[in-house]
Ligand code: 5RP
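Numbering (the working numbering), first residue to last: 98 to 322.
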């Protein structure tokens, strides 16, 4: 999908940001476009603070002089904005393609409003086409993969460009789990939460208040019912 569709979604989200807001800043290429534009507004005098969902996002924000805070200092955020790998008609999401799902879920859960920005290619009838990222304690990766296998998915350890296990910002590993069509996302979320050593999974159930879908022509706004 082209950058202009992502940019349209990002700019529509930028318009939601008001002076004085405490923000959750997501991770990924769509959110990077938002942060770039936010940097321009901050340079013009907009006053915001942000909690970054990854080291990558924190670096971009620092480079643009966007003030950063922590959840210790600012435990309640006005608005979190983040991308997604897939969203369904109920606005349930799969996230974690960029490996930041743990911090992303924590930050979104601390926000009064959680808005997702995504291009139209992320829209699906059922979640599951994009493999579900599951963040795990490294020592438990193999038994967890076996248990996820029993739930019906092939779980592959994500690797970095050197062929080493991809380590998250929190030092965990990620299993990318090919479930195929996920018929009951809440039930799967519950099953994954019940596996010892699973730190977090990329199913964001009933968390998004709105998805702003970017297209070449503009945006479509979907609100959770
Ligand atoms: C990172 C994520 C991203 O939000 C997701 O991968 C979408 O990224 P992009 O905007 O590049 O398509 O969940 O962990």
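Each residue gets a CB set at the ideal place from its N, CA and C atoms; glycine is no exception.
Taking contact to mean at least 3 C-beta pairs separated by less than 8 Å, is the region 143-158 in contact with the region 109-121?
yes
I'd like to know whether the C-beta atoms of residue 183 and residue 212 end up nearer to each other than 7 Å.
Contact flag unset, no.
Secondary structure of residue 139, DSSP reduced to three states
helix
Among 275, 206, 189, nearest to residue 252 - alpha-carbon criterion
275
Stretch pair the region 262-273 + the region 285-294: three plus CB contacts closer than 8 Å
no
Can you have a look at residue 225 and say buried or exposed, based on whether 16 or more other CB atoms are within 10 angstroms of its CB?
Per the 10 Å Cβ criterion, buried.
Just mark residue 259 as buried or exposed, buried being the case when its beta carbon has 16 or more other beta carbons within 10 Å.
exposed
For the candidate residues 257, 242, 162, whose alpha-carbon lies nearest to that of residue 250?
Of the candidates 257, 242, 162, the one whose C-alpha sits nearest the C-alpha of residue 250 is 242.
Spatial neighbours of residue 162 within its chain, please: C-beta separation below 8 Å, excluding the five flanking residues on both sides.
Here the set comprises 136, 139, 140.
Could you give the DSSP three-state label for residue 233: helix, strand or coil?
strand
Can you determine whether any heavy atom of the ligand 5RP sits closer than 6 Å to the C-beta of residue 124, and answer yes or no?
yes
Helix, strand or coil for residue 121? Go by DSSP, reduced to three states.
strand
Please check the pair residue 238 and residue 272, which I expect to be a contact at CB under 8 Å, by giving their CB distance rounded to whole angstroms.
At roughly 7 Å, the Cβ-Cβ gap stays under 8 Å, so residue 238 and residue 272 are in contact.
Please confirm if the region 170-178 is in contact with the region 197-215, defined as three or more CB-CB distances below 8 Å between the two stretches.
Output reads yes: the region 197-215 touches the region 170-178.
Whole-angstrom Cβ separation of residue 150 and residue 210, contact assumed at under 8 Å?
Wrong, their Cβ atoms sit about 16 Å apart, outside the cutoff.
Sorted by chain position, which residues of the same chain lie with C-beta nearer than 7 Å to residue 113's C-beta, five sequence neighbours on each side aside?
176, 212
What separation, rounded to the nearest whole angstrom, lies between the Cα atoms of residue 164 and residue 158?
Straight across, the Cα-Cα distance linking residue 164 with residue 158 is about 7 Å.
C-alpha gap between residue 323 and residue 309, whole angstroms:
Any property of residue 323 remains undetermined from this structure, which presents the chain solely from 98 to 322.
Does the beta-carbon distance from residue 219 to residue 247 come in below 7 Å?
no
Given residue 326 as reference, the closest of 121, 129, 313 once Cα atoms are compared
For the chain, the structure presents residues 98 to 322; residue 326 sits outside this window and is missing.
Return the CA-CA distance between residue 295 and residue 126, expressed in angstroms with no decimal places.
26 Å
DSSP puts residue 309 in a beta bridge; with which residues?
214, 318
Please state whether the Cβ-Cβ distance between residue 268 and residue 192 is less than 7 Å.
No; because the gap between Cβ atoms is not below 7 Å, this pair is not in contact.
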